[in-house]
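Here is the structure we will look at.
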Amino acid sequence: MLLLSVTNTLYLANPCHSHQSTQKMKHENHWRNCGLQFPEEPVVNNFIDSGMFIEARRWFFSFILLSPGHPQANIYYRSHLQRRREHMRQMTRYQSTIHPFSKCNIYWEYIISCSLILDALYRIVLAMYSWGVASTIDLKRCIMVMDTLLLCDVVMRFFIGYYDSEANKSVLEKKHIAKHYLKTYFLFDLIASGYTTLSFVRSATARRMHEWTVVLGIIRVVRVPRIFAAFEVFRLRSSLSGFATVAFTSLLVLWMLTTFSYILIFSVENIIEFVFYETTRWEEINIFRLYKATVLFLCVGVEGSVEGAQLSFQVYSIFFLCWGIWINVLSLIYITNVWTTSGCGRGKDLVYLELEQYVRSKGLSQDLRAKFFAFLGFKFNNRLYKENSINKTASTLLKSQVHTYLAKKKLDEVYVFRNVPARLLNALVAKFRTEIFLTNDVIIVAGTPGDCMYFINYGTVAIYSLAGKEICHLEDGAHFGEISMIFNEPRVETVVAVTPCELFILHKADFTEIIFPHRRVLEMIKEQARSTISNASQENRKLGRKLLRTSSF
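Residue numbers for the sequence shown follow full-length UniProt numbering, so the first one is 1 and each next one is one higher.
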């Protein structure tokens with residue numbers, strides 16, 4: 001921080017310099033001292049802000065790049081720096097790949113999910129006709145439209161990345177995307193669209209097979225989790241209440257199970273008719289047929305006469321009675337589980353309601369009310385959990401390991417602690433405390449005692465000099481305040497949160513308790529700190545001479 005302060009002083013003390021040169025010097029110093037990657041701006045200039053159709057390219061990249069508007073982007077890429085690095089990675093290496101957390105993927109998943117729901121409805125109506133009649137019904141065109149759209153989705157799957165939860169990263173390389181899709185849902189998606197695919201084939205064999213392909217649409221039941229994933233994104237974006245979420249999810253489960261069962265029942269009847277009967281029995285929609293299927297589905301019994309001469313109808317009736325029992329039990333279990341696990345969602349609603357009543361009763365200003373809700377939103381990211389209960393459940397060793405995993409890397413990156421033994425570093429990490437600061441919160445005030453140092457886990461902070469001039473920004477993984485803490489000196493800078501931040505704090509009392517008994521380690525840390533100050537002073541002198549030379553022109 002000493003380097004930042006002296007640099008700013010030199011800048012203010014030399015008003016006769018060339019504005020353009022000084023701005024470039026300041027820009028370079030900003031990236032060097034803050035530890036951010038300087039080549040990022042040229043990347044943006046090369047891919048977006050140069051050439052023809054700049055506005056169109058901006059819109060295009062904002063549509064396919066990771067979007068902060070995607071709820072899961074704020075879960076897996078919490079800070080501005082993480083999102084910017086992901087943008088740079090995609091723009092430089094995977095320009096033709098659509099990010100899984102992009103606006104494009106949000107809207108595409110909405111479209112495909114609605115198409116899957118409508119496709120199931122169309123197939124119920126289509127299956128209520130005999131196969132010989134179905135080819136003359138205009139409804140088949142609706143099926144072909146849906147199949148065509150879902151075939152387009154098959155192509156799109158090779159261009160849309162996916163998030164690998166095991167590796168904790170978004171996979172954007174087309175080779176890996178294709179390999180992942182081919183191993184999972186490719187065959188299901190392709191076979192389920194066989195009705196439309198074979199309709200373009202003119203051979204006699206294809207025409208005979210065409211009616212059988214109506215049944216293949218049932219395979220799309222394996223894509224039901226995709227509908228729920230799209231609904232989860234919609235829920236997070238629209239901030240649905242816990243009750244509305246549970247109610248809609250329950251209805252969606254019942255809808256998908258019911259449509260799948262009806263399609264299966266009608267399709268099996270059509271197969272039996274096609275194989276054993278010479279005449280078509282369902283040339284138009286028969287409500288009594290729907291009634292019989294409902295009776296089977298609800299396990300009430302078999303309505304109408306079971307034709308004894310046809311063993312197939314006997315087996316059909318027994319199978320779907322058992323099927324109805326299994327579906328009803330499955331529905332009950334799933335919906336009960338949804339209501340049980342929705343306690344967290346309802347708990348979030350109650351917490352927000354209690355907080356709203358609290359801020360009203362205290363007569364707080366609108367700005368302060370907004371900060372309360374912004375704090376909850378950043379801390380929990382719409383995933384409310386009881387941290388105290390989790391800490392009580394976990395063992396001391398497990399909690400220590402989790403804390404060390406989160407904070408150890410931050411301490412390893414501090415130059416003055418580079419040669420400290422691992423045992424002492426682990427002890428320091430165990431003393432870390434977590435604190436959240438919201439936008440415009442003042443973290444450090446210049447001139448106050450240096451009683452702690454900070455490590456940025458997520459977020460961006462701005463560094464201001466004693467004169468109130470903004471020097472630079474620090475982001476994820478950066479640290480500040482160590483020199484003042486080690487030498488017990490007043491702060492020489494003011495630090496303000498630019499975005500919501502999660503910081504690790506190491507207090508001087510904890511540092512003293514662990515390090516002071518080890519005098520050699522303490523002297524080594526102080527020597528490293530003096531070396532840092534000396535290097536900063538040399539950099540400042542070089543920068544000052546360069547500024548003076550620049551001002552002479």
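Note that CB positions come from ideal geometry on N, CA and C, so glycine has one too.
Three-state class that DSSP yields for residue i in the structure shown
i: residue 308; result: The predicted model places residue 308 with a pLDDT of 43, which falls under 50 and marks its position as unreliable; any figure quoted below should be read in that light. Residue state, collapsed to three classes: coil.
i: residue 513; result: helix
i: residue 165; result: coil
i: residue 170; result: strand
i: residue 67; result: coil
i: residue 31; result: Residue placement at residue 31 cannot be trusted, given a pLDDT of 35 that sits under 50; what the coordinates show is reported in the next sentence. Residue state, collapsed to three classes: helix.
i: residue 102; result: strand
i: residue 87; result: helix
i: residue 188; result: helix
i: residue 176; result: helix
i: residue 81; result: helix
i: residue 158; result: coil
i: residue 375; result: helix
i: residue 116; result: helix
i: residue 506; result: strand
i: residue 550; result: Residue placement at residue 550 is flagged as unreliable, the pLDDT there being 46, under the threshold of 50; the coordinate-derived value follows with that caveat. DSSP places residue 550 in helix when its eight states are reduced to three.
i: residue 24; result: Note on residue 24: pLDDT 37, under 50, position unreliable in the model; no value is reported.
i: residue 328; result: helix
Distance CB(residue i)-CB(residue j) smaller than 7 Å
i: residue 131; j: residue 337; result: no
i: residue 439; j: residue 464; result: no
i: residue 432; j: residue 504; result: yes
i: residue 498; j: residue 460; result: yes
i: residue 487; j: residue 454; result: no
i: residue 113; j: residue 219; result: no
i: residue 522; j: residue 514; result: no
i: residue 123; j: residue 217; result: yes
i: residue 257; j: residue 331; result: yes
i: residue 276; j: residue 296; result: no
i: residue 482; j: residue 416; result: yes
i: residue 157; j: residue 181; result: yes
i: residue 446; j: residue 491; result: yes
i: residue 245; j: residue 235; result: yes
i: residue 171; j: residue 71; result: no
i: residue 614; j: residue 478; result: Within the shown structure, residues of the chain are numbered from 1 to 553, placing residue 614 beyond reach of any answer.
Same chain only: Cβ atoms within 7 Å of residue i, ignoring 5 sequence neighbours per side
i: residue 569; result: There is no way to answer for residue 569, as the model of the chain reaches only from 1 to 553.
i: residue 458; result: 78, 79, 476, 501, 502
i: residue 526; result: 486
Chain-order list of residues whose beta-carbon lies under 6 Å from that of residue i (same chain, five-residue window excluded)
i: residue 104; result: 63, 64, 98
i: residue 188; result: 219, 222
i: residue 153; result: 112
i: residue 107; result: none
i: residue 462; result: 470, 473, 496, 498
i: residue 442; result: 496
i: residue 109; result: 230
i: residue 511; result: none
Inter-residue CB distance, residue i and residue j (contact presumed, cutoff 8 Å)
i: residue 66; j: residue 73; result: 5 Å
i: residue 334; j: residue 293; result: So it is not a contact: roughly 22 Å between Cβ atoms.
i: residue 94; j: residue 86; result: Contact flag wrong, Cβ pair sits at about 10 Å.
i: residue 163; j: residue 68; result: With 8 Å as the limit, residue 163 and residue 68 do not qualify as a contact, their Cβ atoms being about 16 Å apart.
i: residue 231; j: residue 254; result: Not confirmed; about 14 Å, so no contact.
i: residue 91; j: residue 60; result: The pair is not a contact, with the Cβ atoms about 11 Å apart (cut-off 8 Å).
Contacts around residue i, its chain only, beta-carbon distance under 8 Å, and the 5 residues preceding and following it disregarded
i: residue 419; result: 524, 528
i: residue 266; result: 124, 127, 128, 289, 293
i: residue 507; result: 431, 433, 451, 452
i: residue 136; result: With a pLDDT of 48 at residue 136, under the threshold of 50, the modelled position of this residue cannot be trusted; read the value that follows with caution. Correct list: empty, nothing qualifies.
i: residue 121; result: 259
i: residue 155; result: none
i: residue 191; result: 216, 219
The ligand ATP heavy atom lying under 6 Å from the CB of residue i
i: residue 330; result: Annotation note on the ligand ATP: not contained in the displayed structure, which lists no ligands.
Interface flag, residue i vs chain B, CB-CB below 7 Å
i: residue 73; result: Absent here is chain B; the protein component of the structure consists of one chain.
Ranges of the beta strand (DSSP E) found wholly within the segment 443-501, counting only runs of at least 3: 452-458, 461-464, 470-474, 494-497
In chain order, which continuous runs of the beta strand (DSSP E) of length 3 or greater are located wholly inside the segment 411-437? 433-437
Taking only runs that begin and end inside the segment 206-288, name each unbroken beta strand (DSSP E) of 3 or more residues, in chain order. none
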